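Here the structure is laid out as structure tokens; the discussion comes afterwards.
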Amino acid sequence: MKENTLAQFGIIGLGVMGSNIALNVENKGFSVSVYNYTEDLTNIFMNKYSEKNFIFTSSLQEFVNSLEKPRKILLMIKAGKPTDDTIDRLIPFLDKDDIVIDGGNTNFKDTIKRNNKLKNSKINFIGMGVSGGEYGALHGPSLMPGGPKNAVDNIMPILKKIAAKAKDNVPCVSYIGPNGAGHYVKMIHNGIEYGDEELICESFNILQHINGLNTKDIANIFSSWNQGELNSYLIEITAQILTKHDDLGDSKTPIVDVILDKANNKGTGKWSSENALDIEAPQSVITESVFARYISMLKDDRIKASKLISKEKQQKVQLKEKESFIESLRKALFFSKIISYAQGFNQMQTASQKYDWHLNLGQLAQIWRSGCIIRAQFLQKITDAFNKDKDLNNLLFDDYFLQITKNYNQAVRDIIIFAIQNEIPVPAFSAAISYYDSFKSEKLPANLLQAQRDLFGAHTFERTDRPGHFHYQWGNND
Ligand code: 6PG
5 MKENTLAQFG IIGLGVMGSN IALNVENKGF SVSVYNYTED LTNIFMNKYS
55 EKNFIFTSSL QEFVNSLEKP RKILLMIKAG KPTDDTIDRL IPFLDKDDIV
105 IDGGNTNFKD TIKRNNKLKN SKINFIGMGV SGGEYGALHG PSLMPGGPKN
155 AVDNIMPILK KIAAKAKDNV PCVSYIGPNG AGHYVKMIHN GIEYGDEELI
205 CESFNILQHI NGLNTKDIAN IFSSWNQGEL NSYLIEITAQ ILTKHDDLGD
255 SKTPIVDVIL DKANNKGTGK WSSENALDIE APQSVITESV FARYISMLKD
305 DRIKASKLIS KEKQQKVQLK EKESFIESLR KALFFSKIIS YAQGFNQMQT
355 ASQKYDWHLN LGQLAQIWRS GCIIRAQFLQ KITDAFNKDK DLNNLLFDDY
405 FLQITKNYNQ AVRDIIIFAI QNEIPVPAFS AAISYYDSFK SEKLPANLLQ
455 AQRDLFGAHT FERTDRPGHF HYQWGNND
């Protein structure tokens, strides 16, 4: 880059995500200044890309001075304290109207706090969800910026260029809403990601218990599912994973068979469930998926319990109608995925009202069509549903989703009965059908529950036949 020229965009943090986004921005014709807290990563990056349109800086002040005003600075660093520390060190060098964008997987509550903190300094703070992993960062992620609208508008031309493009060439980025809205929807995206992953894993587990199906057959099943309604990135990579073999041991063994069955997490799914509890949004599929990861981590206990409780020898199940069973499983998976999204979108709608964010849920589904981990063909159907009714309260009220769930719910029941009889855990499938059955129940046993609460705590109840709150004289226990 020519000397004394100022860069159009700045990136702090040259880990995998940061360096890939820096390359993505530079590839789209922008000059980029980069800085990393430790110089080792800057040096590696500089040695690799010295010919490109980068300014490599070794102090925060040098970095800030290398940027044209208003400065546009993307932080791609670890969420939490490192982000706070970097912001604190950065602020003294910044001017009014500069824009700081946090692209990490940050808790939206922290984004709200930082927004409030920076308001007085007139520095614009944007919390931006970035999805797509390493590949997406370089070739086009899905971007969810939230914060001051004018500041997001200012960086939008750059974001549109670096974002993934859907099939209709629409960039996968749009203004999400004020304050922590961007990180909030990224949190729900990740929760939905957990739900999709768990439902796929439960399907895989069921298929593994069927006699005559090996890992290659199961890969083919996922591959064929990817051609239809279930078409999505996560189904595609599942099929791909199941075709791969052990790279260190026996090359005939599928790699999944030697991967330890303990699923870790970085917390975003948990945050999404915590928030569902906070705002009273019934979001059971994601929450069961978070718990499924937790129970997977109890490996030692599971080994101990399996010796004490399980069948002595797990027999594979002989099926007469294998084809129709596999089709039922496909339907069960699609049904449960729809319920999980219905819950996630309903949670976002509740949050939108509670935090006064005016989220555009149809547009949100649109920017998840490409680039992000949950990208899927059926997201277009969600956009269509919100285009028909922007205030749609629950996806199940939309004709398309209503019909699918009506047609497919029997398949879920069949699959769950099969799983329970064969001692195969299906927490996410079970959560999906239970939500569906509760949601479509005009009458639930909450009347009895209200009576219990009133008897022991005089919490009062409402009646079906007249308005007001009542307390009943229950007798001895009153
Ligand atoms: C994405 C992913 C990404 C990451 C998750 C995984 O959208 O690119 O969501 O952010 O894969 O944080 O989270 P866990 O490690 O908790 O599974």
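The opening position of the sequence shown corresponds to residue 5 in my numbering, with each subsequent residue numbered one higher.
C-beta atoms are modelled at their ideal positions from N, C-alpha and C, and glycine is treated no differently.
Given the structure is predicted, the values throughout are model-derived calculations rather than measurements.
The beta strand (DSSP E) spanning residue i covers which residue range?
i: MET148; result: 146–150
i: GLY133; result: 128–135
i: VAL38; result: 36–39
i: LEU503; result: The structure shown does not extend to residue 503, since the chain is modelled only from 5 to 482, so the question has no answer here.
i: LYS76; result: 76–79
i: ASP106; result: 103–106
i: ILE48; result: Taken as a continuous stretch (DSSP letters only), ILE48 belongs to no beta strand (DSSP E), being part of the alpha helix (DSSP H) at 43–53.
i: GLY14; result: 13–16
Cα-Cα, which of the options is closest to residue i?
i: GLY136; options: PHE474, ASP172, ASN57 and MET21; result: MET21
i: LEU45; options: SER62, SER434 and GLY186; result: SER62
i: SER236; options: HIS249, GLN212, GLU201 and PHE208; result: GLU201
i: ALA462; options: ARG470, ASN451 and TRP478; result: TRP478
i: ASN124; options: ASP99, THR110, PHE390 and ASP114; result: ASP99
i: GLU292; options: TYR198, THR9, VAL134 and ILE91; result: TYR198
i: ASN40; options: GLY19, LEU203, LYS326 and GLY273; result: GLY19
i: ASP114; options: PHE460, LYS82 and ASP265; result: LYS82
i: THR272; options: GLY195, THR9 and SER23; result: GLY195
i: GLU427; options: LEU264, SER332, ASP360 and ILE313; result: ILE313
i: SER54; options: LEU71, LEU27, GLN65 and LEU79; result: LEU27
i: ALA415; options: PRO258, ASP250, GLU233 and LEU337; result: LEU337
i: THR9; options: ASP172, SER340, SER70 and ASP360; result: SER70
i: GLY348; options: GLY375, LEU323 and LEU383; result: LEU383
i: ILE77; options: LYS52, ASP92, ILE377 and GLY14; result: GLY14
i: GLY151; options: ASN411, TRP361, LYS256 and GLU327; result: TRP361
i: VAL134; options: ALA389, LEU453 and ILE378; result: ILE378
i: LYS169; options: LEU406, GLY375 and PHE474; result: GLY375
i: LYS394; options: GLN407, ALA380, LEU406 and ALA369; result: ALA369
i: GLY339; options: SER438, SER277 and LYS308; result: Here residue 339 turns out to be Phe, not Gly, going by the sequence shown. PHE339 has its Cα closest to that of SER438, out of SER438, SER277 and LYS308.
i: ASN269; options: GLY253, HIS249, ALA285 and ILE299; result: ILE299
i: ALA355; options: GLN367, ASP101, ALA285 and LYS248; result: ALA285
i: TYR345; options: ASN215, GLN287 and LYS320; result: GLN287
i: ASN154; options: ASP101, LEU142 and LEU122; result: ASP101
i: LEU79; options: PHE49, PHE58 and THR110; result: THR110
i: ASP89; options: ILE16, PRO74 and GLU446; result: ILE16
i: GLY108; options: ILE91, ASN120 and PHE97; result: ILE91
i: GLY144; options: LYS274, TRP372, ARG75 and ARG306; result: TRP372
i: TYR139; options: GLU466, LEU396, ASN24 and LYS385; result: ASN24
i: LEU333; options: PRO429, ALA450 and ILE419; result: ILE419
i: PRO429; options: PHE460, ARG297, PRO449 and LEU452; result: ARG297
i: SER178; options: LYS190, TYR476, ARG306 and PRO149; result: PRO149
Just to check my reading of the structure: residue i and residue j have Cβ atoms closer than 8 angstroms, yes? What is that Cβ distance to the nearest angstrom?
i: ILE245; j: TRP229; result: At roughly 14 angstroms, the Cβ-Cβ gap does not stay under 8 angstroms, so ILE245 and TRP229 are not in contact.
i: PHE67; j: SER37; result: 6 angstroms
i: PRO431; j: PHE208; result: Contact flag wrong, Cβ pair sits at about 14 angstroms.
i: ILE95; j: ILE127; result: 7 angstroms
i: ASP106; j: GLY131; result: 5 angstroms
i: ILE225; j: ILE342; result: In fact, because the Cβ distance is near 20 angstroms, the residues do not count as touching under 8 angstroms.
i: ILE204; j: LEU211; result: Rounded, the Cβ-Cβ distance is 11 angstroms, inconsistent with contact.
i: ALA280; j: GLN351; result: 5 angstroms
i: PHE112; j: HIS187; result: 4 angstroms
i: TYR440; j: ASN413; result: 6 angstroms
i: ILE116; j: GLY181; result: Wrong, their Cβ atoms sit about 12 angstroms apart, outside the cutoff.
i: ILE103; j: ILE162; result: 11 angstroms between Cβ atoms; not a contact.
i: VAL321; j: HIS473; result: No, VAL321 and HIS473 are not in contact; Cβ-Cβ is about 53 angstroms, not under 8 angstroms.
i: LYS326; j: LYS303; result: The Cβ separation is near 31 angstroms, so there is no contact.
i: LEU400; j: PHE433; result: With a Cβ gap of about 17 angstroms, LEU400 and PHE433 do not count as contacting.
Looking at the unbroken alpha helix (DSSP H) that takes in residue i, where does it start and where does it end?
i: GLY461; result: 450–461
i: GLY472; result: Careful: GLY472 lies outside any alpha helix (DSSP H) and carries neither H nor E.
i: GLY273; result: 272–283
i: PHE405; result: 403–425
i: ALA59; result: Before going further, note that residue 59 is Ile rather than Ala in the sequence given. Here ILE59 belongs to no alpha helix (DSSP H); instead the beta strand (DSSP E) covers 58–60.
i: VAL68; result: 64–69
i: GLN244; result: 237–246
i: ASP254; result: Neither: ASP254 is in no alpha helix (DSSP H) and is coded neither H nor E.
i: LYS165; result: 153–166
i: ASP99; result: Where ASP99 is concerned, there is no enclosing alpha helix (DSSP H), given that its DSSP letter is neither H nor E.
i: LYS117; result: 112–123
i: ALA170; result: Segment: none, ALA170 is in no alpha helix (DSSP H) and carries neither H nor E.
i: GLY84; result: Unbroken run through GLY84: none, as it is neither H nor E.
Checklist line | Every unbroken alpha helix (DSSP H) within the stretch 294–343, with a cutoff of 4 residues, ordered by chain | finding: 303–312
Checklist line | Complete alpha helix (DSSP H) runs within the stretch 359–398 (minimum length 4 residues, chain order) | finding: 365–371 and 383–392
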